[in-house]
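Trainee: Per our numbering, the very first residue in the sequence shown carries number 134; after that it's consecutive. Pasting a structure here, questions to come.
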Amino acid sequence: MEKRPLVSIVVPVYNAEKTLDRCLASIRAQTWREIEVLLVDDGSTDGSAALCRAWCEKDSRFRLIEKEKNSGVADSRNRAIAAAAGKYLQFADSDDWLCADATERMAEAAEKSGCELVVAGFYRVLERRIYAHRALFMEGKVSRKRFVEGLMRAPANYYYGVLWNKLFRMDIVRLEKIACPDDLSWCEDTSFNLSYLAHTKNVMVLSEPVYFYTKQKGSLSSAGRVLPGMMDARAEVFRRYCRLYKTAKPKSRNAVAPLGYWVSVPVDGGYSVEGYRNPQFYAARMEKEARRRQKRAERRRALRRKKPPLPPWLGPVKR
């Protein structure tokens, strides 16, 4: 019997002691036994590192990379990629979990089809509800051009932007020096995907979900918050879209969608459709909102610097 190829599964970890066991148990239970699991502890301040060490003692396929200081998920993923020994590369987040045959389905699809990229559906877990997100617009073996056309139609969709529903070939990642840009505070996974897509010929699309993505209440996407440097990150992502567009040459009618993605407003883990319809209006709106937030932050800083004096009858505050 021919030996099955090794799959490297990368799991960045930061203060995830409440959900980590569930994630790693699902990985250990994979029906595809030929795996190595690269855990990267990003300077956790809870019990995450101890849990990682316990899993490494329990299963020799688990390896731990420890960082003294927190440096972000992009750096964690890049360190794991540098240490990986597998033919294929897979990702998981520490608060999510995998279907038992997730790795097997994707690895077999890659081996049988010869495609450079495998993309699968996923389940979205929102509090007590679970929604299935299957393939968009296509299924089976498709050309890069057709896949990019789908991407251009829905550039803000998690299906295209995330890493954890995909299987990558390690030789392409190494040869083309593809990495998560650690200078971006947002969307570093989308940047990785766009860079990788530029070096593919065909994509194998699996409709059935293989992954459970948990949407935590109060997360950045839920709150619609704008991270520092988000506009710079969006600009960089848009530049990568442009490079991919020139390479893949999808239908021109989809070319404006990434512009709408770049200027759209974050809403509940996605982006408002109106941003696609009228990108100029929403670009002006976002610029106005950014100025308003900046002025409000400046007022708060000024108030902190200039504390109001106490009334004389109160006297000194006793501690």
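All C-beta atoms, glycine included, are put in the ideal place defined by N, C-alpha and C.
#1: Please look up how many angstroms separate the CB atoms of residue 242 and residue 337, rounded, as I've assumed it's under 8 Å.
#2: If the criterion is Cβ atoms closer than 8 Å, does the pair residue 224 and residue 308 meet it?
#3: Output the residue ranges of the beta strand (DSSP E) runs that lie fully inside the region 282-325 and measure 3 residues or longer, sorted by chain position.
#4: Under the assumption that residue 239 contacts residue 343 (Cβ atoms under 8 Å), give the Cβ distance between them as a whole number of angstroms.
#5: So, helix, strand or coil for residue 337, using DSSP?
#6: Just mark residue 202 as buried or exposed, buried being the case when its beta carbon has 16 or more other beta carbons within 10 Å.
#7: Below 8 Å between beta carbons: does that hold for residue 326 and residue 294?
#8: Check whether the region 194-210 and the region 172-186 are in contact - that is, three or more C-beta pairs closer than 8 Å.
#9: From residue 154 to residue 226, what does the alpha carbon distance come to, in whole angstroms?
#10: Compute the Euclidean distance between the alpha carbons of residue 267 and residue 432, then round it to the nearest angstrom.
#11: Taking residue 324 as the reference, give the member of 303, 288, 252 with the closest Cα.
#12: Start and end of the alpha helix (DSSP H) containing residue 245?
#13: Can you name the residues that DSSP bridges to residue 223?
#14: Please check the pair residue 252 and residue 298, which I expect to be a contact at CB under 8 Å, by giving their CB distance rounded to whole angstroms.
#15: May I ask you to report which of helix, strand or coil DSSP gives residue 432?
#16: Looking only at its own chain, which residues have a Cβ that is under 6 Å from the Cβ of residue 147, when we skip the five neighbours before and after it?
#17: Taking residue 196 as the reference, which of 339, 213, 281 has the closest Cα?
#18: Using three-state DSSP, classify residue 169 as helix, strand or coil.
#19: Run through the DSSP bridge pairs and tell me what residue 198 is partnered with.
#20: Might you give, ordered along the chain, the residues of its own chain that have their beta carbon closer than 8 Å to the beta carbon of residue 192, omitting 5 neighbours on each side?
#21: Taking the C-alpha atoms as reference points, what is the distance between residue 254 and residue 292?
#22: Short check: CB of residue 333 to CB of residue 277, under 8 Å?
#23: Quickly, what does DSSP pair residue 252 with across the bridge? List them, please.
#24: If you follow the alpha helix (DSSP H) that residue 182 is part of, which residue opens it and which one closes it?
Mentor: Checking against the coordinates, here is how it stands:
#1: The beta-carbon distance between residue 242 and residue 337, rounded to whole angstroms, is 5 Å. This is short enough to meet the 8 Å contact definition.
#2: Remark: C-beta atoms of residue 224 and residue 308 do not approach each other more closely than 8 Å.
#3: 299-302
#4: The Cβ separation is near 7 Å, so the contact holds.
#5: strand
#6: exposed
#7: Yes, these two residues count as a Cβ contact at 8 Å.
#8: yes
#9: 12 Å
#10: 46 Å
#11: It is 288 whose Cα lies nearest to the Cα of residue 324.
#12: 235-246
#13: 142, 300
#14: 6 Å
#15: Here DSSP, grouped into helix, strand and coil, assigns residue 432 to helix.
#16: 175, 177
#17: 213
#18: strand
#19: 173
#20: Once the five neighbours on either side are set aside, the close Cβ partners of residue 192 are 161, 170.
#21: 7 Å
#22: yes
#23: 299, 338
#24: 181-191
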